[in-house]
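S.K.:
Residue numbers (the working numbering), protein chains in the order written: chain W, 1 to 223; chain L, 1001 to 1419.
What follows is the structure in structure tokens.
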């Protein structure tokens, strides 16, 4: 990460926010483009081929989900880190299911944000404590529906998520559970894949309970 | 409707009792009409007048009902049944007079129950058309249904509905016009054959005019009331909004302007206000008042405000805030203050898993941590306060810390509260 800085595109409809993020990130990453709506975002991404896209959930013309849906077919698509002022699960979980590798709130500290960008840039998932809590909730509502070939979380995965929700960094989680930080990471990655592969059916109970039926959730193209 | 409904939102419901009486009266009238005709054929004009008046009133009532009711289909069906029933009654009364001169009771009864089809259809179609027209016009006059009661929608939606000429009104007028034409032709033929029918025709025309003119007027009046109620509700909601924003956001903005030179204070005020506004917009303050999750949010916001720390709070599930929940909340407050005191500037996380069976809250700071076996006595006191409080509430508290690895307080409640 140090020899060539990560190239980042910031997609957010608030100009002030983009400027703020650019200023914060500049010592650590190279902000190669900005966009205010999905169409512009796709154009800038195609031009710049960034490593990471910081994507706001709430955008005009379809929101961050529209960008993720359009990127789903892209062979060279960049890693996407969802960014939102919202802390509602119904905003965040669909973004992850549509292909974002992580989610952070806009109040995140700069060093945390840089860390999250670094992690998704190499293809790892970044779960903030709150996202981990959302995901635990999403998976805890319906019992695993094994007859459909759908998977719930393994006890270990649950344990890892639980620790993330409590605010433990990966290294400490590894220490506490007697596994390596890398293994913690792979558990998180497995959870992310399960979340993306899970069908509407599996999460619909949870969605219904929260008063949202995921008609805006596009199935990701591939795992 | 009466004047009281104009001023009191929700008052139309109170009219239900009197509506029932009117419906009962109309039903009686419709039953009495054929009875009179059966008893003495000399009374046929009275029977006819009663039948016409009854069916007209029933139609008006059902029209209003159909227009106001949420279950439209059922009301349309009822309307249809009443119209057909009224027609049978009227037709029976007519045939009693025209067809069964001097016949006995049995003959009159059979006239009542057997009605020649062609005349009935001839009468039914145009009258049904007219009734449909009246209903359509009335429907076109009512305000658009307030399907979305959400105050937020009402606040943000542009209220720009113009007074367009609804297709319902046009179609309704066409239907009534067509019926009038048909009735004139049919009526002319009957009257030519039977001059005695002239008073009957006049009564029918008068009633029809009353129904056609009166129903839309009545419904428009109801619609006005509804609109007025909606406007009042909207205004109330707007005032509630304004009052809330004034007490919260404007107040905070004023404070921020005054203390603009102190970034820490500004940040704290902004954070506090953000918490409050979010909770209010999500309806949490109203919906979840009195639950453990709401109390936790409140206590976290309070500590963030007092001590200058920033807490990441995640809550799964919820449960009622009972005595043990209050002890838990107090313990969380203690743990947060402790973290603020001993790990200043460190990130603090609160994760709560709540259900009726179990409540677990984890308060963790990313600070320097400590060795639990060698804590100074005064810190042990705080710890005992947390542990003792939880034990008294029938729960437990555990403290997990190591030098360089932060500190975590685990607070657990089992089962439902046992006071």
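All C-beta atoms, glycine included, are put in the ideal place defined by N, C-alpha and C.
If you measure beta-carbon to beta-carbon, which residues of the stretch 12-34 of chain W are closer than 8 Å to chain L?
M.R.: So the list is empty, because no residue satisfies the distance condition.
S.K.: Report the three-state DSSP secondary structure of residue 1409/L (helix, strand or coil).
M.R.: Strand, per DSSP.
S.K.: Shorter than 8 Å from the beta carbon of residue 153/W to some beta carbon of chain L?
M.R.: It does not: the Cβ of residue 153/W has no partner Cβ on chain L nearer than 8 Å.
S.K.: Strictly by DSSP, which residues pair up with residue 1414/L?
M.R.: In the DSSP output, where bridge partners are listed per residue, residue 1414/L has 1358/L.
S.K.: Residues of chain W with CB under 7 Å from residue 1314/L, in chain order?
M.R.: Correct list: 129, 130, 133 and 165.
S.K.: Residue 1405/L versus chain W: which residues are under 7 Å apart at the beta carbon?
M.R.: Neighbours of residue 1405/L on chain W, chain order: 172.
S.K.: Can you list the residues of chain L that residue 136/W reaches, using a CB-CB cut of under 7 Å?
M.R.: Ordered by position in chain L, the residues that pass the 7 Å Cβ test against residue 136/W are 1316.
S.K.: For residue 1257/L, count neighbouring C-beta atoms within 10 Å of its own C-beta (all shown protein chains included) and say buried if the count is 16 or more, exposed if not.
M.R.: Classification for residue 1257/L: exposed.
S.K.: Using a C-beta cutoff of 8 Å, does residue 1364/L count as contacting chain W?
M.R.: Residue 1364/L counts as touching chain W.
S.K.: Can you list, in chain order, the residues of its chain whose CB lies under 6 Å from that of residue 79/W, leaving out five sequence neighbours each side?
M.R.: Excluding sequence neighbours, residue 79/W sits near 52, 101, 120 and 121.
S.K.: Quick check: the Cα distance between residue 1397/L and residue 1303/L, rounded to an integer number of angstroms?
M.R.: C-alpha separation (whole angstroms): 20 Å.
S.K.: Can you give the beta carbon distance from residue 1324/L to residue 1411/L, rounded, assuming they're within the 8 Å contact cut?
M.R.: 11 Å between Cβ atoms; not a contact.
S.K.: Whose C-beta lies closer than 6 Å to the C-beta of residue 1387/L among residues of the same chain, with five residues either side of it excluded?
M.R.: If we look at residue 1387/L and ignore the five residues flanking it on each side, its Cβ neighbours are 1397.
S.K.: Could you round the C-beta distance between residue 133/W and residue 1349/L to whole angstroms and report it? I think they count as a contact, below 8 Å.
M.R.: The Cβ separation is near 10 Å, so there is no contact.
S.K.: With a 10 Å radius around its C-beta and 16 neighbouring C-beta atoms as the bar for buried, classify residue 1112/L as buried or exposed.
M.R.: Unreliable placement is indicated for residue 1112/L, whose pLDDT of 48 sits below 50; the coordinate value is still reported in the next sentence. Classification of residue 1112/L: buried, given that the 10 Å Cβ count is 16 or more.
S.K.: Please state if the CB of residue 1127/L and the CB of residue 1062/L are separated by a distance shorter than 8 Å.
M.R.: No, they are not a contact pair.
S.K.: Going by CA-CA distance only, name the one from 1269/L, 1223/L, 1311/L and 1315/L that's closest to residue 1344/L.
M.R.: When each option's Cα is compared against that of residue 1344/L, the closest is 1311/L.
S.K.: How would you call residue 1333/L, buried or exposed, if buried means at least 16 neighbouring beta carbons within 10 angstroms?
M.R.: By the 10 Å Cβ count, residue 1333/L comes out buried.
S.K.: Do you know offhand how far residue 27/W's Cα is from residue 76/W's?
M.R.: For residue 27/W and residue 76/W, the distance between alpha carbons rounds to 26 Å.
S.K.: Roughly how many angstroms separate the alpha carbons of residue 1023/L and residue 1292/L, rounded to a whole number?
M.R.: One C-alpha to the other measures close to 51 Å.
S.K.: Can you list the residues of chain W that residue 1408/L reaches, using a CB-CB cut of under 9 Å?
M.R.: Under the 9 Å cutoff, chain W gives 166, 167 and 168.
S.K.: With DSSP collapsed to three states, give me the class of residue 1299/L.
M.R.: Residue 1299/L falls in the helix class under three-state DSSP.
S.K.: If you follow the alpha helix (DSSP H) that residue 125/W is in, where does it begin and where does it stop?
M.R.: Careful: residue 125/W lies outside any alpha helix (DSSP H) and carries neither H nor E.
S.K.: Based on Cα-Cα distance, which residue from 1170/L, 1081/L, 1172/L and 1337/L lies nearest to residue 1306/L?
M.R.: Closest by alpha carbon: 1337/L.
S.K.: What separation, rounded to the nearest whole angstrom, lies between the Cα atoms of residue 1407/L and residue 136/W?
M.R.: Computed Cα separation, rounded: 23 Å.
S.K.: Can you confirm whether the stretch 1050-1065 of chain L touches the stretch 1203-1222 of chain L when touching is taken to mean that 3 or more C-beta pairs between the two stretches lie within less than 8 Å?
M.R.: Verdict: yes, contact present.
S.K.: What are the start and end residues of the beta strand (DSSP E) that includes residue 244/W?
M.R.: Not covered by the structure: residue 244/W. The range shown for chain W is 1 to 223.
S.K.: Does chain W have any CB closer than 8 Å to the CB of residue 1351/L?
M.R.: Yes, residue 1351/L lies at the interface with chain W (some Cβ there is under 8 Å from its Cβ).
S.K.: Can you name, in chain order, every residue of its own chain whose Cβ lies under 8 Å from the Cβ of residue 1328/L, other than the five neighbours on each side?
M.R.: If we look at residue 1328/L and ignore the five residues flanking it on each side, its Cβ neighbours are 1292, 1359, 1361, 1390, 1393, 1395, 1411 and 1413.
S.K.: Tell me whether residue 167/W sits in a helix, a strand or coil according to DSSP, three-state version.
M.R.: Residue 167/W: coil per DSSP, three-state reduction.
S.K.: Note down, in chain order, every chain W residue with its Cβ under 8 Å from the Cβ of residue 1058/L.
M.R.: The premise fails here: residue 1058/L is roughly 42 Å from chain W at the closest Cβ pair, so nothing lies under 8 Å.
S.K.: Measure the alpha-carbon distance for residue 1368/L versus residue 89/W and round it to whole angstroms.
M.R.: Residue 1368/L and residue 89/W: Cα-Cα distance of roughly 32 Å.
S.K.: Would you mind reading off the limits of the beta strand (DSSP E) that contains residue 189/W?
M.R.: Premise fails: residue 189/W lies in the alpha helix (DSSP H), 181-197, not in any beta strand (DSSP E).
S.K.: Quick check: the Cα distance between residue 1342/L and residue 40/W, rounded to an integer number of angstroms?
M.R.: For residue 1342/L and residue 40/W, the distance between alpha carbons rounds to 47 Å.
S.K.: Comparing C-alpha positions only, which one of 166/W, 188/W and 177/W sits nearest to residue 1409/L?
M.R.: Among 166/W, 188/W and 177/W, the Cα nearest to that of residue 1409/L belongs to 166/W.
S.K.: State the start and end residues of the unbroken alpha helix (DSSP H) segment that holds residue 1324/L.
M.R.: Where residue 1324/L is concerned, the enclosing alpha helix (DSSP H) stretches over 1323-1342.
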